[in-house]
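Undergrad: Numbering-wise (the working numbering), the sequence shown opens with residue 2 and increments by one. Where is the CB? At the ideal position from N, CA and C, for every residue including glycine. Bear in mind the structure is a predicted one, so any value in this text is a computation, not a measurement.
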Amino acid sequence: MTNKRVQLVTEPEKINHTLGLLKADSQIDIEFAFFSNERIKGRVVGAQAGKYFLLALPKTVFRTQESMLVEGQTVVVRSIIEGNTGACVAFKVRIQSVSRAPYYLLFIDFPKKLEMINLRKQARLSTHLPASLSVQQANSEQHSQLLTGTIHDISVSGCRFKTDSQPKALHHLDRLIELAISLDASTVPLKIKAKVSNSNAGRNGVLSLGIEFLSEQMSPKINQQLAQLLQYPMLPQAS
């Protein structure tokens with residue numbers, strides 16, 4: 002059965018637009034096509050449409066995987082597009098060239114086709130709402146306030162939370178949390194039970210968390226407040 006959430010993109014304009022959503026410093030996963038167990042991590046530097054895609058790799062990768070980082074090697078590149086899109090993008094290309102000085106860079110072909118896998122059932126709304134996040138203590142219903150940040154996109158089932166802090170406790174996926182969203186200064190924050198579904202620590206010190214709301218623990222009142230929030234036309238927009 003065909004997965005309706007997987008979309009094959011072949012039109013050059015759509016490919017350019019899709020890859021343009023991968024911001025500089027976005028984390029990527031590189032799989033060597035003929036070495037199924039070999040994968041490395043890198044970050045997006047930039048691209049020239051139709052010509053090349055440029056990636057930065059850690060120095061350690063060149064020491065351990067140097068024999069596979071050669072011109073003509075086929076690789077599969079994957080990355081997550083955040084924001085409203087909420088999709089995993091993947092494409093297979095060849096390595097064009099490898100640079101070791103002054104930085105460790107990998108030039109790969111610009112893809113002629115790619116796959117997008119939608120990760121969300123509902124579209125998310127871009128916003129810039131202040132929020133605080135607390136982690137549930139072990140063997141307890143109590144939560145300890147951990148950090149503050151902003152909601153960058155939100156739907157009825159989850160959101161993307163970003164903060165300048167990077168506590169180790171939140172790098173554990175499925176960690177139970179409570180999210181308090183500040184709607185305005187005159188109202189009580191909207192508190193939602195949730196869990197961390199994915200995390201990505203950027204080089205700029207910003208921790209980005211994918212958060213899944215626990216619908217079974219949400220009261221009818223919370224569900225109603227969340228629905229009203231998503232319909233509100235004047236939400237602060239993410240910059």
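Going by DSSP, what residues sit across from lysine 163 in a beta bridge?
TA: In the sequence shown, counting from the first residue as 1, residue 163 sits at position 162. In DSSP, lysine 163 forms a bridge with Thr151 and Ser209.
Undergrad: Nearest by alpha-carbon distance to alanine 213: which of Val157, Lys15 and Val77 is it?
TA: Residue numbering aside, residue 213 sits at position 212 when the sequence shown is read from its first letter. Strictly speaking, residue 213 in this sequence is glutamate, with alanine absent from that position. Per the Cα distances, Val157.
Undergrad: What separation, rounded to the nearest whole angstrom, lies between the Cα atoms of valine 207 and proline 103?
TA: Mapped onto the sequence shown, residue 207 falls at position 206. Mapped onto the sequence shown, residue 103 falls at position 102. If I take the Cα positions, the gap works out to 26 angstroms.
Undergrad: Between valine 99 and leucine 107, is the Cβ-Cβ spacing less than 7 angstroms?
TA: In the sequence shown, counting from the first residue as 1, residue 99 sits at position 98. In the sequence shown, counting from the first residue as 1, residue 107 sits at position 106. Their beta carbons are under 7 angstroms apart, which means valine 99 touches leucine 107 by this criterion.
Undergrad: Output the distance between the C-alpha atoms of arginine 44 and isoleucine 82, rounded to the nearest integer angstrom.
TA: As a position in the sequence shown, residue 44 is number 43, starting the count at 1. As a position in the sequence shown, residue 82 is number 81, starting the count at 1. Rounded to whole angstroms, arginine 44 to isoleucine 82 spans 13 angstroms at the Cα level.
Undergrad: Under 7 angstroms, do phenylalanine 111 and lysine 52 count as touching if we go by C-beta distance?
TA: Along the sequence shown, read from residue 1 onward, the residue named residue 111 stands at position 110. Along the sequence shown, read from residue 1 onward, the residue named residue 52 stands at position 51. Cβ atoms of phenylalanine 111 and lysine 52: closer than 7 angstroms.
Undergrad: Quick check on the DSSP output: what are the complete alpha helix (DSSP H) runs of length 4 or more inside the region 73–117, in order along the chain?
TA: List check, alpha helix (DSSP H) in window: nothing returned.
Undergrad: Which residue from Ile182, Cys160 and Lys222 puts its Cα closest to that of serine 198?
TA: If you number the sequence shown from 1, residue 198 lands on position 197. Ranking the options by Cα distance to serine 198, first place goes to Cys160.
Undergrad: Glutamate 179 to threonine 61, Cα distance in whole Å?
TA: Here residue 179 refers to the residue found at position 178 when the sequence shown is read from its first residue. Here residue 61 refers to the residue found at position 60 when the sequence shown is read from its first residue. Glutamate 179 and threonine 61: Cα-Cα distance of roughly 37 angstroms.
Undergrad: Rounded to the nearest angstrom, what separates glutamine 8 and arginine 79 at their Cα positions?
TA: Counted from its first residue, the sequence shown places residue 8 at position 7. Counted from its first residue, the sequence shown places residue 79 at position 78. Each residue's Cα considered, the two are about 14 angstroms apart.
Undergrad: Let me know the secondary structure DSSP gives phenylalanine 214 once reduced to three states.
TA: Taking the first residue of the sequence shown as position 1, residue 214 is located at position 213. Three-state DSSP puts phenylalanine 214 in a strand.
Undergrad: Helix, strand or coil for valine 157 per DSSP?
TA: For this step, residue 157 is matched to residue 156 along the sequence shown. Three-state result, valine 157: coil.
Undergrad: Please report how far the alpha carbon of valine 71 lies from the alpha carbon of valine 77, in whole angstroms.
TA: Locating residue 71 in the sequence shown gives position 70, where the first residue counts as 1. Locating residue 77 in the sequence shown gives position 76, where the first residue counts as 1. Roughly 14 angstroms separates the two Cα atoms.
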